[in-house]
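> Have a look at this one.
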Amino acid sequence: MPSTTMSIALRKRSARAPLLLDHARTGSVIRHFHATQSQPMWFLAAGAGFAALYLGSRYVVRAQERLRRQRAGLPVDEEDADFEGDAYTATPARRMSEILGVDFGTVNLRLSTASLTNGHERVRVIESADGLRAIPAAVAVDNDNVSVGVLARSLMGRKPGYTGTATRVLLERSSVKDETYALELDGKTYSPEWAAEILLDYVHSMAARSLGEEKARDGFPTILSVPAGLSEQERGTLERVASSAGFEVVLSVDEPIAALHAVERSAIEDQDDEALSTLSGSTPEATIAVFDMGGYKSSVTLLQRNNATFNVLQSAATFDVSGKAVDALLFDRVVAKFKQETNIDLSIDPMASFRVLEAVETAKIELSSRRSTDLNLPFITADRTGAKHLVQKLSAYDLARACEGQGKRTTALCDDVLASAGISKNGIALLVLVGGGVRSDPIREHLESYFGRKAFSGRNFKPEEAVVVGAAEYGRRLASEA
């Protein structure tokens with residue numbers, strides 16, 4: 489059994505209203521058009537001893553978070569309410585040397601750590617025991633046993649109806665008034681909160697394995713990345729789930745803002761003066777566009793630098809543009825060709841469909857660096873004449889065709905955001921592409937053509953890890969300024 493997975497007994501949770509997931513809604517567009525408040529600014533509190541680079545830094549962040557919640561009229565956690573006066577003063581036993589960044593994506597989860605004692609040390613992405621830097625956001629229930637990650641994902645082919653994905657999407661939607669979603673696994677109903685906590689529990693165990701059980705008992709101060717445009721209620725839901733899983737969430741940061749902190753660190757290392765000029769705010773009212781192509785949805789966000797932080801001007805997201813949508817189109821192409829050759833429809837066979845989907849996802853990644861790749865799936869199915877093997881070639885042209893519709897929808901999404909912000913394409917000073925989907929040449933080239941400029945690139949900048957790296961970098965920067 490791969491060590492990137494775990495099998496545990498089900499936890500008892502409070503009963504929830506069992507409402508089925510409305511699959512028809514997954515194609516709708518989510519839009520967040522509004523001006524947002526700046527991220528909390530750091531300040532020095534007299535006599536509190538905030539200058540120390542240990543756990544006092546954590547209390548500063550939580551103080552800012554408490555103030556944000558109070559101003560929004562939201563309840564303050566009892567634990568946070570106790571952080572007053574001398575409570576800010578850290579003891580040697582509670583010193584903090586690292587801060588974590590968590591990226592709870594729609595398809596994968598990632599975890600990073602940044603040193604608070606060495607500001608020049610790069611943020612490190614924490615790997616699983618198997619060396620995976622991204623954990624599949626899949627939860628499976630089989631006979632009251634729970635598995636996550638690779639094992640849960642593989643169960644999708646062997647036992648349909650036992651695995652749940654897109655947990656974060658359901659979690660966000662469950663936070664909206666009058667909308668409740670649930671996962672139906674092995675004939676039973678589970679809440680998105682339960683599934684999210686199971687996933688984050690596993691990520692927390694990765695942190696404990698990497699950083700030490702002693703630090704785990706002391707608590708992991710964590711910066712949690714969240715989608716731009718979430719309401720306070722939606723943001724609070726994600727924070728509560730992460731806290732329940734064992735992370736000490738000191739602050740949540742919008743994903744595009746986190747990504748820009750990763751970009752800034754990369755630009756400093758590469759001495760990219762043009763990018764740094766925009767990121768630092770030295771260019772007045774310079775607008776940055778961040779396009780994030782995720783597994784189930786994509787977003788575009790416009791930001792500007794304001795003193796020590798970034799402000800979100802406009803943000804929009806859609807399920808119509810995603811890595812999974814491209815996978816589905818490639819899947820259809822492969823299955824249709826196989827049916828033409830053998831008169832066998834693989835789409836009605838769960839195990840065969842799973843194998844094909846896994847293969848096209850891998851092929852899509854390979855086509856980001858080569859012109860063609862081979863699919864070779866022996867014994868994919870059988871009929872009266874014997875076993876059948878799937879042997880096909882996918883080319884960069886096939887990927888480009890699959891991305892054509894995605895490009896058009898991307899254009900519409902960007903048009904909406906720019907129009908709402910009253911900014912032209914020529915007014916974008918820096919283009920940042922985030923997420924694994926932007927590694928595909930057709931998507932990247934389409935966006936660069938649309939905005940009329942090359943996207944940011946750095947020697948150590950990885951689009952799929954920008955959010956998790958930036959979250960930890962953001963936490964380190966705030967702590968160093970305290």
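Each residue of the sequence shown is one higher than the last, beginning at 489 in this note's numbering.
All C-beta atoms in this analysis are idealised placements derived from N, C-alpha and C, irrespective of residue type, glycine included.
Alpha carbon to alpha carbon, how far is A959 from G649?
As a first step, residue 959 is located in the sequence shown; it is residue number 471 there, counting from the start. As a first step, residue 649 is located in the sequence shown; it is residue number 161 there, counting from the start. Between A959 and G649, the C-alpha separation is close to 34 Å.
> At which residue ranges does the stretch 721 to 780 contain complete alpha helix (DSSP H) runs of 4 or more residues, listed in the order of the chain?
List check, alpha helix (DSSP H) in window: 743 to 758, 761 to 768.
> Bridge partners of L863, per DSSP?
Here residue 863 refers to the residue found at position 375 when the sequence shown is read from its first residue. The partner list for L863 (beta bridge, DSSP) reads Q880.
> Go through the stretch 583 to 654 residue by residue and report every complete run of the alpha helix (DSSP H) that reaches 4 residues or more, in order.
Complete alpha helix (DSSP H) runs here, min 4: 638 to 646.
> Thinking C-alpha only, which one of I853, T601, V627 is nearest I711?
Counting from 1 along the sequence shown, the entry for residue 711 is found at position 223. When only C-alpha atoms are compared, the closest one is T601.
> Can you tell me which of the three DSSP states E681 falls into?
Walking along the sequence shown from the start, residue 681 turns up at place 193. It is helical.
> Tell me which residue opens and which closes the alpha helix (DSSP H) that F826 is part of.
Taking the first residue of the sequence shown as position 1, residue 826 is located at position 338. That run of the alpha helix (DSSP H) goes 811 to 830.
> Tell me the rounded alpha-carbon separation between S698 and I614.
Along the sequence shown, one-based indexing puts residue 698 at 210. Along the sequence shown, one-based indexing puts residue 614 at 126. Their backbone Cα atoms lie some 7 Å apart in a straight line.
> So, with DSSP's three-state summary, where would you put S803?
Your numbering for residue 803 matches position 315 in the sequence shown. The answer is strand: DSSP assigns S803 an E or B state.
> What would DSSP say about L855, mapped onto helix, strand or coil?
The count along the sequence shown starts at 1 and reaches residue 855 at position 367. Three-state DSSP puts L855 in coil, outside helix and strand.
> Looking at the structure shown, is L921 part of a helix, part of a strand, or coil, going by DSSP?
Position 433 of the sequence shown, counting from 1, holds the residue named residue 921. Note: L921 maps to strand in three-state DSSP.
> With H, G and I counted as helix, E and B as strand and the rest as coil, what does DSSP make of D872?
What you label residue 872 is simply residue 384 of the sequence shown in a count that begins at 1. It should be pointed out that residue 872 corresponds to Arg in this sequence rather than to Asp. Here R872 sits in coil by DSSP.
> So what does DSSP say about S841, is it helix, strand or coil?
Within the sequence shown, residue 841 is the residue found at index 353, counting from 1. DSSP places S841 in helix when its eight states are reduced to three.
> Could you check which residue in I623, R641, R723 has the C-alpha nearest to that of D689?
One-based indexing of the sequence shown puts residue 689 at position 201. D689 has its Cα closest to that of I623, out of I623, R641, R723.
> Tell me the residue span of the beta strand (DSSP E) that contains S787.
Locating residue 787 in the sequence shown gives position 299, counting from the first residue. That run of the beta strand (DSSP E) goes 786 to 794.
> Reducing DSSP to helix, strand and coil, say where S693 ends up.
Position 205 of the sequence shown, counted from the first residue, corresponds to residue 693. The answer is helix: DSSP assigns S693 an H, G or I state.
> Restricting to Cα atoms, I'd like to know which of E961, E969, L599, T898 is closest to A696.
Your numbering for residue 696 matches position 208 in the sequence shown. It is L599.
> What three-state label does DSSP hand A523 in the structure shown?
The residue given as residue 523 occupies position 35 in the sequence shown. At A523 the pLDDT is 32, less than 50, meaning the model places this residue with poor confidence; the figure from the coordinates comes in the next sentence. Of the three classes helix, strand and coil, the one that applies to A523 here is coil, per DSSP.
> Give the single residue among Y784, F819, L726, V738 whose Cα lies nearest to the Cα of K812.
As a working mapping, residue 812 is identified with position 324 in the sequence shown. For K812, the nearest C-alpha among the options comes from Y784.
> To the nearest angstrom, how far is it from the Cα of E773 to the Cα of A796?
By 1-based counting over the sequence shown, the position of residue 773 is 285. By 1-based counting over the sequence shown, the position of residue 796 is 308. So the alpha carbons of these two residues sit roughly 14 Å apart.
> Does the contact criterion of 3 or more C-beta pairs under 8 Å hold for the stretch 879 to 897 versus the stretch 926 to 937?
Contact holds: three or more Cβ-Cβ distances are below 8 Å.
> Just to confirm my understanding: we take S786, look at its own chain, exclude 5 residues before and 5 after, and list those with CB closer than 8 Å. What are they?
Here residue 786 corresponds to residue number 298 of the sequence shown, with the count starting at 1. Around S786: F779, D780, A805, T806, V809, S810, T898, L901, G923, G925.
> Under 9 Å between the Cβ atoms of S908 and Q802?
Within the sequence shown, the letter at position 420 stands for residue 908. Within the sequence shown, the letter at position 314 stands for residue 802. Result yes, Cβ atoms of S908 and Q802 sit closer than 9 Å.
> Measuring alpha carbon to alpha carbon, tell me which residue in S857, V844, V905, D760 is nearest V879.
As a first step, residue 879 must be located in the sequence shown, where it is residue number 391. For the residues S857, V844, V905, D760, the minimum Cα distance to V879 belongs to V844.
> Report the option in E586, G724, L882, R612 whose CA atom is closest to the CA atom of E681.
As a position in the sequence shown, residue 681 is number 193, starting the count at 1. Ranking the options by Cα distance to E681, first place goes to G724.
> Assign E667 to one of three DSSP states: helix, strand, or coil.
Locating residue 667 in the sequence shown gives position 179, counting from the first residue. DSSP places E667 in coil when its eight states are reduced to three.
> Reducing DSSP to helix, strand and coil, say where I916 ends up.
Position 428 of the sequence shown holds residue 916. In this structure, I916 counts as strand in the three-state DSSP scheme.
> Name the DSSP beta bridge partners of E672, please?
Residue mapping note: residue 672 aligns to position 184 of the sequence shown, counting from 1. BP columns for E672 point to T677.
> I need the boundaries of the alpha helix (DSSP H) containing P715, first residue and last residue.
As a first step, residue 715 is located in the sequence shown; it is residue number 227 there, counting from the start. Per DSSP, P715 belongs to no alpha helix (DSSP H) and is neither H nor E.
> Is F944 helix, strand or coil when you go by DSSP?
One-based indexing of the sequence shown puts residue 944 at position 456. Residue state, collapsed to three classes: coil.
> On the three-state DSSP scale, how would you describe A949?
Position 461 of the sequence shown, counted from the start, is the residue given in the question as residue 949. Note on identity: in this sequence residue 949 is Phe, with Ala being the wrong assignment. Coil at F949, not helix or strand.
> Which residue from E660, V611, R661, V629 puts its Cα closest to that of L646?
Position 158 of the sequence shown, counted from the start, is the residue given in the question as residue 646. Per the sequence shown, the amino acid found at residue 646 is Arg instead of Leu. Residue V629 is the option with its Cα nearest to R646.
> Alpha carbon to alpha carbon, what distance is there between A625 and V636?
Counting from 1 along the sequence shown, the entry for residue 636 is found at position 148. Counting from 1 along the sequence shown, the entry for residue 625 is found at position 137. Near 7 Å, if we compare the C-alpha coordinates of A625 and V636.
> Between S860, S835, L726, which lies nearest to S740 when the distance is taken from Cα to Cα?
Residue numbering aside, residue 740 sits at position 252 when the sequence shown is read from its first letter. Of the candidates S860, S835, L726, the one whose C-alpha sits nearest the C-alpha of S740 is L726.
> Just the Cα atoms here: how many angstroms apart are N631 and R872?
Along the sequence shown, one-based indexing puts residue 631 at 143. Along the sequence shown, one-based indexing puts residue 872 at 384. Distance between the alpha carbons of N631 and R872: 34 Å.
> I'd like to check one pair, A875 with L863: are the Cβ atoms closer than 9 Å?
Within the sequence shown, residue 863 is the residue found at index 375, counting from 1. Within the sequence shown, residue 875 is the residue found at index 387, counting from 1. Cβ atoms of L863 and A875: not closer than 9 Å.
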